[in-house]
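**Student:**
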Amino acid sequence: MPIIPGPAKAAVGGDLITLTWEGFDAIDSTKEWATANGVTITNSSMATQDDVQAKLIGSNPVRLDVTSYNQAYNKFYADELQIINALDPAKLPNYNEAGIFDAFYKKDRWFWNETLWGLPFCWGLVALVYNPKMMAKPTSYKDLLAPELKGKIAFVDDNTGTWPGLAKVAGVNSYPNVTKEELTTIFENAKLYREQTLSFAPSNGDVVSLFVAGEIAACFCIGTNITVDTARQGVVTEYVVPEEGAFMWSDALCIPKSSGNIDTAYAFINEVMGPGPQAAIAQRNICGSPSRKAAEVMDDATRALFDYANLDGILKQTPLLGIPPRESADIATYDEWVQAYENLKVGI
Numbered sequence: 000m001p002i003i004p005g006p007a008k009a010a011v012g013g014d015l016i017t018l019t020w021e022g023f024d025a026i027d028s029t030k031e032w033a034t035a036n037g038v039t040i041t042n043s044s045m046a047t048q049d050d051v052q053a054k055l056i057g058s059n060p061v062r063l064d065v066t067s068y069n070q071a072y073n074k075f076y077a078d079e080l081q082i083i084n085a086l087d088p089a090k091l092p093n094y095n096e097a098g099i100f101d102a103f104y105k106k107d108r109w110f111w112n113e114t115l116w117g118l119p120f121c122w123g124l125v126a127l128v129y130n131p132k133m134m135a136k137p138t139s140y141k142d143l144l145a146p147e148l149k150g151k152i153a154f155v156d157d158n159t160g161t162w163p164g165l166a167k168v169a170g171v172n173s174y175p176n177v178t179k180e181e182l183t184t185i186f187e188n189a190k191l192y193r194e195q196t197l198s199f200a201p202s203n204g205d206v207v208s209l210f211v212a213g214e215i216a217a218c219f220c221i222g223t224n225i226t227v228d229t230a231r232q233g234v235v236t237e238y239v240v241p242e243e244g245a246f247m248w249s250d251a252l253c254i255p256k257s258s259g260n261i262d263t264a265y266a267f268i269n270e271v272m273g274p275g276p277q278a279a280i281a282q283r284n285i286c287g288s289p290s291r292k293a294a295e296v297m298d299d300a301t302r303a304l305f306d307y308a309n310l311d312g313i314l315k316q317t318p319l320l321g322i323p324p325r326e327s328a329d330i331a332t333y334d335e336w337v338q339a340y341e342n343l344k345v346g347i
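Residue numbering for the sequence shown follows numbering that gives the first Met the number 0, beginning at 0 and increasing consecutively.
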């Protein structure tokens, strides 16, 4: 018989089971809150966004109290798979109109049909990361095709983190709504980069290990935060926005339907949205915060990463991308992208 999660606890405290990207667990920055409330946080790191739904779909979901979703997965999780709970804004006072930059307050990646599903708690860029001791600063993704870099390039095996970049380098600017013919063009062009590639690394941590071991000179498209992780292991890497551009991501905290400690999940998410934890997450991961108050308490280097004084205007020009449609007669579907990407990885 399937194991049904037990009734959710009705008080703050006890075990909290979370699943986040590496470096985004907020355990250190919420330590004081956790100690004061008797909360023990156990976090696992996801390798790709798809790890989340893999744990939550089916008749026997894994207990997760808090996890996160990339903006592209919003309605996929809430409406199609129905694996996350609608949120009660009254239990999340740190998420308020005055304290959150407009681009992140109740916009359609997190709020639709008058219902809140996730709280955006970080954002940043996916771009090209390279080791300046192993190659000159690239100005284009095409620089990765240099003969001397053959076997020294990596991809991170993250579908929606990689697909927009593959579209860009093929000259297709309409992602995620590309035609089936354009999809063929994108993956024919992608074969040029595959021929340069040492590995489709399973996770960001594996890319870090490849950089630290000196096995790769660059990663095609990855979150800029990994430069922190390589530096901690003595290897300097840098990120660059190539002429083809970078793109923006934002992750939102949410409460899965398999949660067994909902009150503590709400309290934890609210704490993470406070100025101190927000500033700490931004500093740790070289990313942005949606919190106006966090920008006020950041160290100078972290605040200087983005123009917070003019952020509302800037972000209006940088849309958050979704995923390809699940069904379409003319537009390449999500499943067609998955198949084309799998074919690329195995050399078809």
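C-beta atoms are modelled at their ideal positions from N, C-alpha and C, and glycine is treated no differently.
(1) From the DSSP secondary-structure annotation, give me the bridge partner or partners of Met-272.
(2) From the DSSP output, in three-state form, read off Ser-198 for me.
(3) Leaving out five residues before and five after Asn-84 in sequence, what residues of the same chain have Cβ atoms less than 6 angstroms from its Cβ?
(4) Which residue's Cα is closest to the Cα of Lys-179: Asp-87, Ala-145, Asn-309 and Thr-332?
(5) For Glu-60 and Ile-268, I'd like the C-alpha separation in whole angstroms.
(6) Count Cβ pairs between the stretch 34–50 and the stretch 151–164 that sit closer than 8 angstroms; are there 3 or more?
(7) Can you give the Cα-Cα distance for Lys-149 and Gly-123, rounded to whole angstroms?
(8) Let me know if Pro-146 comes out buried or exposed under the rule of 16 or more other beta-carbons within 10 Å of its beta-carbon.
(9) Can you tell me which of Ile-26, Thr-41 and Ala-328 puts its alpha carbon nearest to the alpha carbon of Asp-14?
(10) Along the chain, where does the alpha helix (DSSP H) containing Ile-40 start, and where does it finish?
(11) Please list the terminal residues of the continuous beta strand (DSSP E) segment that includes Ser-249.
(12) Does the separation of the CB atoms of Pro-323 and Ile-99 fall below 9 angstroms?
(13) Report all residues from its chain with a CB closer than 7 angstroms to the CB of Glu-242; omit the five preceding and five following residues, and keep chain order.
(14) Is it buried or exposed for Glu-187, if we count other Cβ within 10 angstroms and need 16 for buried?
(15) Please name the residue in Thr-66, Ala-281 and Leu-310 whose C-alpha comes closest to that of Val-296.
(16) Rounded to whole angstroms, what is the Cα-Cα separation between Thr-196 and Tyr-76?
(17) Kindly indicate which three-state DSSP category Phe-110 falls into: helix, strand or coil?
(18) If you count every other CB in all the chains shown that lies within 10 Å of the CB of Gln-277, and 16 or more means buried, which is it?
(19) When the Cα atoms are used, what is the spatial distance from Ile-92 to Tyr-340?
(20) Which residues in the same chain have their Cβ closer than 7 angstroms to the Cβ of Ile-16, if we skip the five residues on either side of it in sequence?
**Tutor:** Let me spell this out:
(1) If you number the sequence shown from 1, residue 272 lands on position 273. DSSP, once it has assigned bridges, lists no residue as partnering Met-272.
(2) Numbered from its first residue, the sequence shown carries residue 198 at position 199. Secondary structure at Ser-198: strand, using DSSP grouped into helix, strand and coil.
(3) As a first step, residue 84 must be located in the sequence shown, where it is residue number 85. Counting only residues of its own chain and dropping the five nearest sequence neighbours on each side, Asn-84 has a CB closer than 6 angstroms to the CB of Ile-254 and Lys-256.
(4) Start at 1 with the first residue of the sequence shown, and residue 179 comes out as number 180. Nearest C-alpha to Lys-179: Thr-332.
(5) Here the question's residue 60 lines up with position 61 in the sequence shown. Here the question's residue 268 lines up with position 269 in the sequence shown. What sits at residue 60 in the sequence shown is Pro, not Glu. Roughly 21 angstroms separates the two Cα atoms.
(6) These segments touch.
(7) The residue you call residue 149 lines up with position 150 of the sequence shown. The residue you call residue 123 lines up with position 124 of the sequence shown. For Lys-149 and Gly-123, the distance between alpha carbons rounds to 29 angstroms.
(8) Indexing the sequence shown from 1 puts residue 146 at position 147. So Pro-146 ends up on the exposed side.
(9) Counted from its first residue, the sequence shown places residue 14 at position 15. Cα-wise, what sits closest to Asp-14 is Thr-41.
(10) Mapped onto the sequence shown, residue 40 falls at position 41. DSSP places Ile-40 in no alpha helix (DSSP H) but in the uninterrupted beta strand (DSSP E) bounded by 38–45.
(11) Against the sequence shown, residue 249 aligns to sequence position 250. Counting along the chain, the unbroken beta strand (DSSP E) around Ser-249 starts and ends at 246–253.
(12) Taking the first residue of the sequence shown as 1, we reach residue 323 at position 324. Taking the first residue of the sequence shown as 1, we reach residue 99 at position 100. Contact flag unset, no.
(13) In the sequence shown, residue 242 corresponds to position 243, counting from 1. The residues are Thr-138 and Ser-139.
(14) The count along the sequence shown starts at 1 and reaches residue 187 at position 188. Exposed: under 16 other Cβ atoms inside 10 Å.
(15) Position 297 of the sequence shown, counting from 1, holds the residue named residue 296. By alpha-carbon distance to Val-296, the top candidate from Thr-66, Ala-281 and Leu-310 is Ala-281.
(16) Start at 1 with the first residue of the sequence shown, and residue 196 comes out as number 197. Start at 1 with the first residue of the sequence shown, and residue 76 comes out as number 77. For Thr-196 and Tyr-76, the distance between alpha carbons rounds to 32 angstroms.
(17) Here residue 110 is taken as the residue at index 111 of the sequence shown, counted from 1. The answer is strand: DSSP assigns Phe-110 an E or B state.
(18) Along the sequence shown, read from residue 1 onward, the residue named residue 277 stands at position 278. Gln-277 is buried by the Cβ-count criterion.
(19) Here the question's residue 92 lines up with position 93 in the sequence shown. Here the question's residue 340 lines up with position 341 in the sequence shown. One point to set straight first is that residue 92 is Pro, not Ile, in the sequence displayed. If you take the alpha carbons of Pro-92 and Tyr-340, they lie about 41 angstroms apart.
(20) Locating residue 16 in the sequence shown gives position 17, where the first residue counts as 1. So the list reads Thr-41, Arg-62, Leu-63 and Asp-64, once near-sequence residues are dropped.
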